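*Asks:* My questions all concern the structure below.
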Amino acid sequence: MSESIPHSRTRGYYGAFGGMYIPEILVATFEELVAAFSAAKADPAFWREYETLMSTYSCRPTPLTYAENLTRHFGGAQIYIKREDLNHTGAHKANNVMGQGLLMKRMGKSRVIAETGAGQHGVATATMAAKFGFECTIFMGEVDVLRQRPNVFWMERLGAEVVAVTEGTHILKDAINEAFRDWVTKMDDTHYALGTACGPHPFPEMVSWFQSIIGKESREQILARTGKLPSRVYACVGGGSNAMGIFSGFFDDPVELVGVEAGGLGVETGRYAARLASEDASLGVAQGYKTYFLQDGDGQMCETHSVAAGLDYVGVSPILSNLRDEGRVRFEAARDDEVLEALSLTLRKEGLIPALESSHAFVQAFKEAPTLSPDDVILINQSGRGDKDIFTVADAFDDPGWKAFVKEKAEQYNA
Ligand SMILES: Cc1ncc(COP(=O)(O)O)c(C=O)c1O
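Quick look at the structure:
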């Protein structure tokens, strides 16, 4: 079990970041959660139960794939890929959700709510709810409902109610606000399974702890396969949970950690979500915690953009904000067009379909691999699989066969 997740001894503060800025009415609920999480974390049987669940219900340990063809293509560092896409439901989100499901059982809660952007966390939560017999409501910005329709379809088939959020700019931050609004009215039986390493304490630490299973496995696997530690580890950063998960395996090692944010149409255009890779974000308090937010001078949240629905969040994990300021993690931004190019190359060279979110990490690794030596090993976290992105990717490549198929389907439905 990873002990290297920065652990806050001061009510969820990591340097100047984090905290617990919650309405009075939620204080007792948070106290209960903090107590349940602390007890679970201190109980080795809980982590064993979690590992058993993940190895029998999801696909843990997920494999580590040597990307032989990409390595040859770039002619520099050996490229290894951690395959979180092979989790049940197709992304690292399952790690966090199944862990919170076990915690809910301990707390005796019967209803789970969650926000989702790309829909991966929503599908994972609806799956967990079906398995454990919980009622489930998922909040999703209307924009994301439209661009991630396949995931909405599966959430509903799994028995969840999906609420399309039409407040604000209709994306992830608005879904989070709506989930908090729901929670305030139904605290007794409901747990809010926040999907990333953000929000009020204990969520950043708790989500990172469940995701640390990625880093723990990766460290063991890379040492067993190559006999050495990687020179660099790359992960995309939305709220920061997959990055925290894989990085936590290497915090205490001389390994460079690289977080890759959404560069959107280019950092200079302002149509992006690069909070830590740019100097544009500023310290603020929103959604229950303090971190770097993309906000205007009046503290109003800015509109964000990314080709990847899971990366267009205005805030970022307070733990990562602190690690950036401490110089422990380097942050970069990948543009939408670079992301689509990296996805294409990975498909063609390795037969892998990384999610658009994960493809951000591939962009930066591909830029740096040729500058390193063949003795270097680098590790990329493939946080999820790209099947859900079929509409976005088909649009981007203007795929004529896909367009004809969708048109024919639409005609069938009109008939
Ligand atoms: C596949 C995938 N990767 C990454 C992310 C970003 O989230 P996080 O930064 O919490 O890992 C998402 C979010 O929806 C996702 O679906």
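Numbered according to the numbering used here, the sequence shown terminates at residue 443, and the numbering increases by one at each position without gaps.
Note that the Cβ used here is the ideal one computed from N, Cα and C, for glycine as well.
In this text, all values refer to a predicted model and were calculated from it rather than measured experimentally.
1) For ligand 1, I want to know if LEU339 counts as a neighbour, meaning its beta carbon is within less than 8 angstroms of at least one of the ligand's heavy atoms.
2) If contacts are defined as beta-carbon pairs under 8 angstroms, then TYR49 and PRO228 qualify, I think. What distance do you get, rounded to the angstrom?
3) Tell me the rounded alpha-carbon separation between GLY327 and TRP211.
4) Go ahead and pull the three-state DSSP assignment for ALA337.
5) Which of the three DSSP states is assigned to LYS110 in this structure?
6) Provide the residue(s) that pair with VAL191 in DSSP beta bridges, ordered along the chain.
7) Round the Cβ separation of GLY343 and CYS226 to the nearest angstrom and send it over; I've been treating them as touching at under 8 angstroms.
8) Answer yes or no: the CB of GLU385 versus the heavy atoms of ligand 1, is any distance below 8 angstroms?
9) Per DSSP, ALA314 forms a beta bridge with which residues?
10) Whole angstroms are fine: how far does the CA of ALA370 sit from the CA of VAL391?
11) Give me the residue from SER345, ALA146, ALA105 with the minimum Cα distance to TYR317.
12) What's the gap between the Cα of TYR320 and the Cα of ASN442?
13) Verify whether the separation of the beta carbon atoms of GLY243 and SER276 is less than 9 angstroms.
14) On the DSSP letters alone, give me the boundaries of the alpha helix (DSSP H) that TYR441 sits inside.
15) How about ALA146: is its Cβ closer than 8 angstroms to a heavy atom in ligand 1?
16) What runs of the beta strand (DSSP E), each 3 residues or longer, lie entirely inside the region 31–113?
17) Pull up the distance between the alpha-carbon of LYS159 and that of LYS133, whole angstroms please.
18) Give me the Cα-Cα distance between PRO72 and SER66, rounded to the nearest whole angstrom.
19) Where do the ends of the alpha helix (DSSP H) carrying PHE394 lie?
20) Using a Cβ-Cβ distance cut-off of 9 angstroms, determine whether ALA70 contacts chain D.
21) Quick check on the DSSP output: the beta strand (DSSP E) that includes ILE381 runs from which residue to which?
22) If you draw a straight line from the alpha carbon of ILE141 to that of ASN115, how long is it in whole angstroms?
23) Can you tell me which of ASP324, GLU59, SER387, GLY379 puts its alpha carbon nearest to the alpha carbon of GLU307?
24) Kindly list the residues whose CB is nearer than 7 angstroms to the CB of ALA305, restricted to its own chain and excluding five residues on each side of it in sequence; keep chain order.
25) List the residues that DSSP assigns as beta-bridge partners of ALA290.
26) CB-CB under 8 angstroms to MET215, same chain, minus the five flanking residues each way: which ones, in chain order?
27) Count the other C-beta atoms from every protein chain shown that fall within 10 angstroms of the C-beta of LYS110, then say buried if there are 16 or more, exposed otherwise.
28) Does the region 93–104 touch the region 394–404, meaning 3 or more C-beta pairs lie closer than 8 angstroms?
29) To which residues does DSSP link LYS264 through a beta bridge?
30) Which term fits LYS121, buried or exposed, when burial requires 16 or more other beta carbons within 10 angstroms of its beta carbon?
31) With GLN410 as the anchor, note down where its beta strand (DSSP E) starts and where it stops.
32) Closer than 8 angstroms to a non-hydrogen atom of ligand 1 - does that hold for the CB of THR224?
33) Could you spell out the range, first to last residue, of the beta strand (DSSP E) harbouring ARG139?
34) MET29 to SER246, Cα distance in whole Å?
35) Using only alpha-carbon positions, find the residue among ASP365, GLU60, LEU348 that is nearest to VAL357.
36) Under a Cβ-count criterion, where at least 16 other Cβ atoms within 10 Å of its own Cβ denotes burial, should GLU378 be classed as buried or exposed?
*Replies:* Based on what the coordinates show:
1) Along the sequence shown, read from residue 1 onward, the residue named residue 339 stands at position 311. Flag set: Cβ of LEU339 near ligand 1.
2) Numbered from its first residue, the sequence shown carries residue 49 at position 21. Numbered from its first residue, the sequence shown carries residue 228 at position 200. The Cβ separation is near 6 angstroms, so the contact holds.
3) Reading the sequence shown from its first residue, position 299 is the one you call residue 327. Reading the sequence shown from its first residue, position 183 is the one you call residue 211. Going by the C-alpha atoms only, they are around 24 angstroms apart.
4) Walking along the sequence shown from the start, residue 337 turns up at place 309. Looking at ALA337 - three-state DSSP - the assignment turns out to be helix.
5) The residue given as residue 110 occupies position 82 in the sequence shown. LYS110 falls in the strand class under three-state DSSP.
6) Numbered from its first residue, the sequence shown carries residue 191 at position 163. Bridge partners of VAL191: PHE167.
7) As a first step, residue 343 is located in the sequence shown; it is residue number 315 there, counting from the start. As a first step, residue 226 is located in the sequence shown; it is residue number 198 there, counting from the start. With a Cβ gap of about 6 angstroms, GLY343 and CYS226 count as contacting.
8) Residue mapping note: residue 385 aligns to position 357 of the sequence shown, counting from 1. Yes, ligand 1 has a heavy atom inside 8 angstroms of this Cβ.
9) The residue given as residue 314 occupies position 286 in the sequence shown. Its beta-bridge partners are TYR317.
10) Here residue 391 refers to the residue found at position 363 of the sequence shown. Here residue 370 refers to the residue found at position 342 of the sequence shown. VAL391 and ALA370: Cα-Cα distance of roughly 6 angstroms.
11) If you number the sequence shown from 1, residue 317 lands on position 289. If we check each option's Cα against that of TYR317, SER345 comes out closest.
12) As a first step, residue 320 is located in the sequence shown; it is residue number 292 there, counting from the start. As a first step, residue 442 is located in the sequence shown; it is residue number 414 there, counting from the start. Going by the C-alpha atoms only, they are around 47 angstroms apart.
13) On the sequence shown, residue 243 is found 215 positions in, with the first residue counted as 1. On the sequence shown, residue 276 is found 248 positions in, with the first residue counted as 1. Taking 9 angstroms as the Cβ cut-off, GLY243 and SER276 qualify as a contacting pair.
14) Counting from one through the sequence shown, the residue named residue 441 turns up at place 413. Where TYR441 is concerned, the enclosing alpha helix (DSSP H) stretches over 428–442.
15) Working through the sequence shown from its first residue, we reach residue 146 at position 118. For ligand 1, at least one heavy atom lies less than 8 angstroms from the Cβ of ALA146.
16) 92–94, 106–111
17) Residue mapping note: residue 159 aligns to position 131 of the sequence shown, counting from 1. Residue mapping note: residue 133 aligns to position 105 of the sequence shown, counting from 1. Spanning the two alpha carbons is a distance of roughly 12 angstroms.
18) Indexing the sequence shown from 1 puts residue 72 at position 44. Indexing the sequence shown from 1 puts residue 66 at position 38. One C-alpha to the other measures close to 12 angstroms.
19) On the sequence shown, residue 394 is found 366 positions in, with the first residue counted as 1. Looking at the DSSP string, the run of the alpha helix (DSSP H) that includes PHE394 is 384–396.
20) Checking the listed chains, one finds no chain D in this structure; it contains a single protein chain.
21) Taking the sequence shown and counting its residues from 1, one reaches residue 381 at position 353. Counting along the chain, ILE381 falls outside any beta strand (DSSP E), and DSSP gives it neither H nor E.
22) Counting from one through the sequence shown, the residue named residue 141 turns up at place 113. Counting from one through the sequence shown, the residue named residue 115 turns up at place 87. Going by the C-alpha atoms only, they are around 21 angstroms apart.
23) Locating residue 307 in the sequence shown gives position 279, counting from the first residue. The residue with the shortest Cα to Cα distance from GLU307 is ASP324.
24) Numbered from 1 along the sequence shown, position 277 holds the residue referred to as residue 305. Hits under 7 angstroms: GLU289, PHE359, GLU360, ALA361.
25) Position 262 of the sequence shown, counted from the start, is the residue given in the question as residue 290. Partner(s): ALA301, ALA362.
26) In the sequence shown, counting from the first residue as 1, residue 215 sits at position 187. Hits under 8 angstroms: ILE53, LEU54, ALA56, THR57.
27) Position 82 of the sequence shown holds residue 110. LYS110 is buried by the Cβ-count criterion.
28) yes
29) By one-based count along the sequence shown, residue 264 stands at place 236. Residue 264 is actually Cys in this sequence, not Lys. Answer by DSSP bridge pairing, in chain order: VAL288.
30) Working through the sequence shown from its first residue, we reach residue 121 at position 93. Buried, since its Cβ has 16 or more Cβ neighbours within 10 Å.
31) Looking up residue 410 in the sequence shown gives position 382. Looking at the DSSP string, the run of the beta strand (DSSP E) that includes GLN410 is 405–410.
32) Start at 1 with the first residue of the sequence shown, and residue 224 comes out as number 196. True, at least one ligand heavy atom lies under 8 angstroms from that Cβ.
33) Position 111 of the sequence shown, counting from 1, holds the residue named residue 139. Segment 139–144, the beta strand (DSSP E) holding ARG139.
34) Here residue 29 is taken as the residue at index 1 of the sequence shown, counted from 1. Here residue 246 is taken as the residue at index 218 of the sequence shown, counted from 1. Note on MET29: pLDDT 44, under 50, position unreliable in the model; the coordinate value appears next. Computed Cα separation, rounded: 13 angstroms.
35) Here the question's residue 357 lines up with position 329 in the sequence shown. Answer by Cα proximity: LEU348.
36) As a first step, residue 378 must be located in the sequence shown, where it is residue number 350. So GLU378 counts as buried.
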